[in-house]
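Using the working numbering, the letters of the sequence shown correspond one by one to residues 61 to 374.
Even glycine gets a Cβ: it sits at the ideal position worked out from N, Cα and C.
Read through the structure below, which is laid out as structure tokens, and then see the notes.
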Amino acid sequence: MNTEASQDHISKTTGERLRQAREQLGLSQQAVAERLCLKVSTVRDIEDDNAPPDLASTFLRGYIRSYARLVHIPEEELLPLMAKQTPVRAAKVAPMQSFSLGKSRKKRDGWLMGFTWLIVFVVLGLTGAWWWQNHQAQQQEIATMADQSSAQLSQGDAQPIPLGNGDDSSDATGTPPDSAATPAQPVAIAPQTPAATAQTPAPVDQAPAAVSPAQAPVAAPVTTPAEAAPAADAGTIVMNFNADCWLQVNDATGKTLFSGIQKSGGKLNLNGTAPFKLKIGAPRAVEIQYQGKPVDLSQFIKTNRVARLTLTAE
Numbered sequence: 061m062n063t064e065a066s067q068d069h070i071s072k073t074t075g076e077r078l079r080q081a082r083e084q085l086g087l088s089q090q091a092v093a094e095r096l097c098l099k100v101s102t103v104r105d106i107e108d109d110n111a112p113p114d115l116a117s118t119f120l121r122g123y124i125r126s127y128a129r130l131v132h133i134p135e136e137e138l139l140p141l142m143a144k145q146t147p148v149r150a151a152k153v154a155p156m157q158s159f160s161l162g163k164s165r166k167k168r169d170g171w172l173m174g175f176t177w178l179i180v181f182v183v184l185g186l187t188g189a190w191w192w193q194n195h196q197a198q199q200q201e202i203a204t205m206a207d208q209s210s211a212q213l214s215q216g217d218a219q220p221i222p223l224g225n226g227d228d229s230s231d232a233t234g235t236p237p238d239s240a241a242t243p244a245q246p247v248a249i250a251p252q253t254p255a256a257t258a259q260t261p262a263p264v265d266q267a268p269a270a271v272s273p274a275q276a277p278v279a280a281p282v283t284t285p286a287e288a289a290p291a292a293d294a295g296t297i298v299m300n301f302n303a304d305c306w307l308q309v310n311d312a313t314g315k316t317l318f319s320g321i322q323k324s325g326g327k328l329n330l331n332g333t334a335p336f337k338l339k340i341g342a343p344r345a346v347e348i349q350y351q352g353k354p355v356d357l358s359q360f361i362k363t364n365r366v367a368r369l370t371l372t373a374e
């Protein structure tokens, strides 16, 4: 009998033995699924000896063992059956896949890094080209202004001195001898007769008329500087140079007060009519005081460009 029973067990499959044991214990597939924390469909597949395609053989063997313990079937009896019905399938390992992924990622990272460096080099190149063009433009502008100032200075030296001023000066200088000769006549007339002396008051009366024109021009120069003194102080520009610098200064009348190059250590005082227009080739090389106050050139020094500014009277 034992031999027949053992053969009967062997002839049955794993799923049939588990179903028979479950029915003997009076358990339903739902109860087994709840106790093993499985789906009812999984319990049904195990009893029907179906291997779900989406379930690995290792997990399926583990579920069968748990099911066997639940229905009190020794695992040793089911192991030979499980080996035949659910053989362990070797997992497909693709070692080259991870290597290829790493290689492609590394290739992509290298491409991104190269593209980033290319952008950095392009930006640096454009920045350097922009700076060089500005530097060249400033140098060319300074050279042009220096040439213009040199041409203006050479034209000023070549202009002839007008002779009309010399005539006026000769007339002005010739006046004192005439006035000086006027009092000399009474000296020569003194030894003459009383009748001649009686005529002396006539020349004396004419002497004030000769002197009055000479007094008028004397009074004009005295009053003019006194009135112009406050205006000169209001329109004074003081410049101190710590390096060679080209500059040009024009006043409100359009007069060029200075145009040329000042050496390091030089000092320049200019007077004129405000407002003044200044062009400075190297703002860093000069310190300016206008009406006793310093002039701020920091915006031109920071940008390293030619300074163009206007100084107005306060």
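Practice item. Along the beta strand (DSSP E) that carries Thr296, what are the first and last residues, could you check? Key: 296–301
Exercise for review: Select from Arg344, Ala93, Met205 the residue whose C-alpha is nearest the C-alpha of Lys104.
Suggested key: Going by the sequence as given, residue 104 is Arg instead of Lys. Nearest neighbour of Arg104 by Cα position, chosen from Arg344, Ala93, Met205, turns out to be Ala93.
Review point. Between the stretch 347–354 and the stretch 295–303, do three or more beta carbon pairs fall short of 8 Å?
Key: yes
Point to revise | Same chain, Cβ closer than 7 Å to Val278, neighbours up to 5 away in sequence not counted | key: Any reading at Val278 must be qualified, since the residue scores a pLDDT of 43, below 50, and its modelled position is unreliable; the value itself is stated next. Nothing listed; no residue qualifies.
Check your understanding: Does the Cβ-Cβ distance between Met205 and Gln308 come in under 8 Å?
Key -> yes
Point to revise | Exposed unless 16 or more other CB atoms sit within 10 angstroms - verdict on Phe175 | key: exposed
Check your understanding: By a C-beta neighbour count over all protein chains shown, 10 Å radius and 16 as the cutoff for buried, is Arg79 buried or exposed?
Key -> buried
**Study point:** Nearest-angstrom Cα separation, counted from Leu328 out to Ala241
**Key:** Any reading at Ala241 must be qualified, since the residue scores a pLDDT of 38, below 50, and its modelled position is unreliable; the value itself is stated next. Their Cα atoms are separated by approximately 47 Å.
**Study point:** Test item: CB-CB of Lys339 and Arg365 under 8 Å
**Key:** no
Exercise for review: Evaluate the contact criterion for the stretch 129–138 versus the stretch 73–87: three or more CB pairs, one atom per stretch, below 8 Å.
Suggested key: Three or more pairs of CB atoms, one per stretch, sit closer than 8 Å, so the stretch 129–138 contacts the stretch 73–87.
Review point. Nearest to Leu330 by CA position, among Asp311, Asp114, Thr73, Tyr127, is which residue?
Key: Asp311
Check your understanding: Which parts of the stretch 307–337 are runs of the beta strand (DSSP E), unbroken and 3 residues or longer, counting only runs that do not cross its ends?
Key -> 316–322, 327–331
Practice item. Just grab the DSSP bridge partners of Arg368 for me. Key: Lys339
Exercise for review: Look at the Cβ atom of Lys337, then the Cβ atom of Thr363, and state whether they are nearer than 8 Å.
Suggested key: no
Exercise for review: Pull up the DSSP beta-bridge partners for Val346, would you.
Suggested key: Phe301
Review point. In terms of alpha-carbon separation, which member of Gly314, Gly341, Ala203, Tyr127 lies closest to Pro335?
Key: Gly314
Practice item. Under the assumption that Phe301 contacts Gly325 (Cβ atoms under 8 Å), give the Cβ distance between them as a whole number of angstroms. Key: 7 Å
Practice item. Reducing DSSP to helix, strand and coil, say where Pro140 ends up. Key: helix
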